Every structure is written in C-alpha cells, then in structure tokens.
Amino acid sequence: IPQAASPNYCLTTYRQPLTDMSNYLVDVLENADGTCLDRQFQGQLIIRNSA
Numbered sequence: 001i002p003q004a005a006s007p008n009y010c011l012t013t014y015r016q017p018l019t020d021m022s023n024y025l026v027d028v029l030e031n032a033d034g035t036c037l038d039r040q041f042q043g044q045l046i047i048r049n050s051a
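With the UniProt record's numbering, the residue at position 15 of the sequence shown is 15, and numbering never jumps.
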C-alpha cells in the first residue's frame with residue numbers, strides 16, 4: 001500500500017507475492033482434478049515506524 005509509506009503514517013506492512021499467487025490460482029483452475037495442494041508463498045515484511 002503506497003500510502004503506508006506516507007510520513008504521516010509510516011505503517012509496517014506485509015507485501016504479498018500477488019503475481020505468484022495469481023499464477024498458482026490459474027494453474028489450479030486450469031488443472032482442476034480435485035487435488036489442490038497447499039502452497040506457501042514467501043512475502044516480504046516492510047518495516048517502518050509502527051513496528
């Protein structure tokens with residue numbers, strides 16, 4: 001969230017890998033055979049002044 005970096009807020013946020021998550025979702029939907037595997041995605045903690 002770009003606004004979180006504003007000097008008025010400086011909130012700590014968590015960046016999720018949306019492209020990887022979206023690509024995985026498309027793969028699951030295209031190959032829907034009822035055997036969805038759990039998947040973990042590595043995100044990034046953006047530490048600002050609120051942490």
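Even for Gly, the Cβ is constructed at its ideal location relative to N, Cα and C. Just so we're clear, the structure is a prediction, and the values are computed from it rather than from any experiment.
Taking the straight line between their C-alpha atoms, what separation do you get for residue i and residue j?
{"i": "Q40", "j": "L25", "result": "12 Å"}
{"i": "L37", "j": "I47", "result": "31 Å"}
{"i": "L11", "j": "Q44", "result": "14 Å"}
{"i": "P2", "j": "Q42", "result": "20 Å"}
{"i": "V28", "j": "M21", "result": "11 Å"}
{"i": "Q16", "j": "N8", "result": "23 Å"}
{"i": "residue 57", "j": "N23", "result": "For residue 57 there is no data in the structure shown, the boundaries of the chain being 1 and 51."}
Buried or exposed for residue i, going by 16 or more other Cβ atoms inside 10 Å?
{"i": "T19", "result": "exposed"}
{"i": "T13", "result": "buried"}
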